[in-house]
Every structure is written in structure tokens, then in C-alpha cells.
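Heads up, the working numbering is the position in the sequence shown plus 4, with the first residue counted as 1. Virtual Cβ for every residue (Gly too), placed ideally from N, Cα, C. Since this is a predicted model, take the numbers as computed values, not measurements.
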Amino acid sequence: MKFYVTTPIYYVNDIPHIGHAYTTVAADVLARYKRRQGFEVFFLTGTDEHGQKVYDAALARDKKPQEFVDELVLRFKAAWEKLNISNDDFIRTTEPRHKKVVRDIFSKLIAQGDIYKGEYEGLYCVTCENFVTESSLKEDLEGRKLCPVCGKETKTLKEETYFFKLSKYQDRLLRHIEENPDFILPVSRRNEIINFIKQGLRDLSVTRTAFSWGINLKEDPKHVVYVWFDALINYVSAAPDGFWPADVHLMGKEIVRFHAVTWPCMLMAADLPLPKTVFGHGWWTVEGKKMSKSVGNVVDPLALADQFGTDAVRYFLMREVPFGADGDFSMEAFKARYNSDLANDLGNLLHRTLNMIEKYCESKIQNPKSVRAGHCPAPTIQILNEETPKRVEEAMAKLQFSDALTAIWELISTANRYIEEEAPWKLAKENEERLKEVLFNLASALLTIAEQISPFMPETSAKMLEQLNISGGKIAGTIVKKGNPLFPRLEK
Ligand code: MSP
């Protein structure tokens, strides 16, 4: 029972923003969920440290590239710590363990004729580190040739290079995609990739000679490996024995093509098994606009976490949009979710329930007589309490994080409604047996909620369990320990 999940390795010169945090939190939720299911999990993230973009950025700051990346990697490590990311390893492409595997794969492919020497002449986008074809270009009014993905100006390259025979693997790849409906998800991305492959794959330039920052070839040291060819191999170079192939590669939609075309062809050539699923999630805009440094609207997840707590950030990212679709971030939407879902729904439920157990039952969850087999009809809260873990499981199997949270929040709303309907403050005067039953049902629901949110909001889950103080799953007889409200309401 092994499970291997990855994030992309991020360009080390970026500042971690909510786009990076999104993929990483999603992978973390999945990793934690699978661990709880009993899987031996390997969760990998890391940084992409070679290539022209990083090299240019280092030069612009008068730094040696290695010094530059050594400094910058710390930002990513600190960000993931702050967001409570439970990665099992962190790979940097400048590490010897990685370089060795890249060189070995490269040599194997040269030896078997899948990589051959030639010359590349064409356009290149440094921002995307991607070769751009004439037919896909966008031109602006001044006739500048722009990258179709990021919109930045491309530049013309003409250099000696080694090519990888992508074309040779085209039919095999297409067959694999057609025979494995879960290989590329969601379906819209799968269709895009199928169309792209059907237009015909061209051999890919996989070395550069214009600069030296990268992994140089044993066979021809003035060539450094193309940064994507280098970076993709991280998933294999970091995998502990017995973990390859990966179960899920998570990433944003803009880099699915590298993961669903280039990468599987490289693996086929290297005689390695293909990952089971490549999932391309959507993009976040900020108040309707593309997030960009020049616009100045880049959202810093760490500042959000400082202000509202790590779990609120994790919750928002996973809840706000279905995984796979695009989403929009705004402070207004963030605060609205915080107040309604976290402060009102979840925070209040815990606080109110513990308050009542404290007040009416001397902090002890009582064993109610009427909660027994055949007690009928069972209130909705009991039914949902049993069904929620199954619903979460179904959603998680499809990587539908927001559906999993919706299912948990249905239990939370039902429990809040149950309090209103049963009015324990009245039962306290009129019907002690029923009061015990109601509080017992609420405590059971809270236990389920705490367990089910734990992959998403590990700290909140732990705090809930601490306040509930239930051990070994035995609810009745527990003395609860009410604490401070988990999510104090934000004022406007
Ligand atoms: N270094 C490559 C990946 C190599 S993987 C072998 C790379 N790095 S990146 O720093 O640009 O990070 C890209 C990832 O950041 C995307 O896959 C996506 O996960 C995330 N996002 C960046 N901006 C984003 C949004 N605005 N919205 C959502 N995610 C986006 O590409």
C-alpha cells in the first residue's frame, strides 16, 4: 500500500504565492488523507534551479547562480513550513543525487539513438522555458512575437543542440492515453492533449549551449540539459525504492503538456513505467485579473496565514473552487468564507456544544438511554454522521477536495440546525434524557468533523480533539475541555 504524490518543482526565483500554495496544499491534503487511510506515502515537492530564467535572474543581481539559488530555496522551505506542508522530501535540481540520474538517463537515450545531435533554429520563451512554434505565436501590434501561454516576448535561438525523438513515441503515447482514461485529468485537459498529439509531435531540443548554468553532458560538456528535461526527472531521481511510478502528479493547467506529453515519452524511452495520473488544476485570478508582479496583485499566502491562520488559508484554497476549474481570489471572498464557514458554522458549533455540555452536564458527555439500536426514526444528524466519511472518501478518490469539504459542512450545518430544533436550553428544564441524547449526538458529530477535516486543517482538527478530549473513540463518559473559540469573527 504505497502512494506517491508530487507537486511541480517551483522555479526557485519566484516568490511563493497562492498559485504555488494551491498545488502544494492540495498535494498535502491528499498525502495526509492517504496516510490516514494506511498508505505508506511519499509526498515530494522541491525547486527547479537551473535554466536560463534562473541564470538571468542571478546575473541581474550580480550573484553566482549557486549562491543565488541557495539563498532563494529557503523562501520555499519556510513557506511550506508555515503552511504546515508534510512533504517527505524536498528535491533541488542542483543536488548531486538528481544530476546523476539526469546524466544517466541522458546517456542511455544517446546510446540507444533516441537523442541525436542537430541544430535548433526558432523561438524561445524564457519565462515559460519553452520552445514556441511559429504557428502558435501571438503577435502584438508592433509585430513582436509573443508567447501564446504567458504573453511575453519570445526570442530567436539558433544553436547546436541535441534533439530527443518525441515523434517516435507519439503513437504509443496516444494509445496509452486512450486506454487509460485516468491518465490525464480532468477530461477537458485530456481532450486538449489528445488534440495536440494528433497534430503531430516534433522532436524536442533538449540541450542548450548559450549559457552554462545547468547539468552538463558527460558526452559533450559544453551542452547543458534543457531545464524541463532536467526538471521532470526530479520525480524519478527523488523517488525512494519501490515508489516509482507516481500515483499523482499535481500541477497547474499551463504545464500539463510537459507532464502529459514530454514526460511520458521520456519515460518510455528510458524504459520506466508511466505515472498513473497527471492532474491539471485551474488558475487563480485576483479580483478578475491575472496575478502578476507588474500589476502588483500577487497574493502572499504567508501574510494571509499570519493574519487569519494557516488553516483558514488551506480551507479557502481547497473549498472555494472545484479542483480543475479556474477560481478567483479576493479579500472579500476570503473574509466571507472565514466568517460564514469557519467562525459561524464550525467555530460556533464546537463552542456552543461544549458550552452546553459544561453548563448542563458538568462538562461530561453522558450516555443517553435512547441512543440504541432500533431507536427510530434516527435523526438526520445520526444518519449524516455515519455517511460523511464515505462521502468524503468518494470525493477524495476523484480529487474533488471542495466536494469533500462540502460534505463535511453539510454535517456541520445539520448539527447547528439540530441545536436550534432541539433547543437543549429548554430540554435542560423539561427532558433530561433527551438532553443527554442531543448532546451525545452533537459530540459524536463533532468527533467525525474533527477527524474528517484533519487532512485539510490539521491544527484545527487537533484543537477540536483536544477540547472534545475524547480518547479511543469512546464518547460517553468523556469530560470535555472547552477552550477559546477557534475562529474569532472578523469585523468588517
Ligand atoms: N518549474 C516549473 C515546473 C517544473 S515541474 C517538473 C514551473 N514552476 S513555477 O514556479 O512556474 O510553478 C508553476 C506552478 O505554480 C503551476 O503548476 C501551478 O501549480 C502554480 N501556479 C502558478 N501560478 C498560478 C496561478 N495563478 N493559479 C494557480 N496555480 C498557478 O512551472
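If you check the CB distance, L236 and W267 come in under 8 Å. By the beta-carbon neighbour count (other beta carbons within 10 angstroms, threshold 16), W429 is exposed. In this structure L127 touches T160 by the C-beta definition: roughly 6 Å separates them, less than 8 Å. In this structure, ligand 1 has a non-hydrogen atom nearer than 7 Å to the beta-carbon of H24. Nearest C-alpha to A273 among E182, I114, D332, R341: I114. Proximity of the stretch 98 to 113 to the stretch 180 to 197 falls short of the contact definition, fewer than three beta-carbon pairs being nearer than 8 Å.
Listed in chain order, the alpha helix (DSSP H) elements of length 4 or more contained wholly in the stretch 274 to 339 are 305 to 312, 314 to 324. The Cβ atoms of N88 and T410 do not sit closer than 8 Å to each other. Secondary structure note for N389: it is in no beta strand (DSSP E), and the uninterrupted alpha helix (DSSP H) holding it is 384 to 401.
In the DSSP assignment, T49 forms a beta bridge with F94. The continuous alpha helix (DSSP H) containing C365 extends over residues 352 to 365.
The criterion of a C-beta distance shorter than 8 Å is not satisfied by A62 and P20.
Nearest C-alpha to R395 among A382, L415, P383, E425: L415. The shortest C-alpha to C-alpha distance from E258 to any of I453, E53, T28, C154 is the one to C154. Distance from the Cα of L439 is smallest, within the candidate group P244, A307, A64, I423, for I423.
In the same chain as T482, and ignoring 5 residues on each side of it, the C-beta atoms closer than 8 Å to its own belong to K368, I369, A447, L472, N473, I474, S475, in chain order.
Distance from the CA atom of N17 to the CA atom of P326, rounded to whole angstroms, is 29 Å. Going by DSSP, L446 is part of the alpha helix (DSSP H) stretching over 436 to 457. Rounded to whole angstroms, the separation of the alpha carbons of M461 and S90 is 12 Å. Here V229 is bridged, per DSSP, to T211.
In this structure, H263 sits away from V290, with a CB-CB distance that is not shorter than 8 Å.
Closest option to D74, judged by alpha-carbon separation, among I361, Y15, C129: Y15. CA-CA distance, L306 to R79, rounds to 11 Å. Looking at the backbone, the Cα of A454 and that of L469 are separated by about 6 Å. T27 is a Cβ neighbour of H285, given a cutoff of 8 Å. Within the stretch 115 to 184, the complete beta strand (DSSP E) segments of 3 residues or longer fall at 119 to 129, 134 to 136, 159 to 168, listed in chain order. Residue environment: R493 is assigned as exposed (fewer than 16 neighbouring CB atoms within 10 Å of its CB, all protein chains considered). DSSP, read as helix, strand or coil, puts V33 in helix. Non-local beta-carbon contacts of A242 in its own chain, meaning distances under 6 Å to residues more than five positions away in sequence, involve L48, D93, I95 in chain order. When the alpha-carbon of I457 is set against those of S140, N352, A408, K478, the nearest one is in A408. In this chain, the alpha helix (DSSP H) harbouring L78 covers 69 to 86.
The Cβ neighbour count for Q386, taken over all protein chains shown within 10 Å, is at least 16; the residue is labelled buried. Within the same chain, Cβ atoms closer than 7 Å to the Cβ of V299 are found at K293, the five residues on either side in sequence being excluded. Contact check for F215 against Q41 fails: the beta carbons are separated by 8 Å or more. C-alpha of E183 to C-alpha of L254: approximately 21 Å in a straight line.
Boundaries around P462 are those of the alpha helix (DSSP H), 462 to 472, since no beta strand (DSSP E) includes it.
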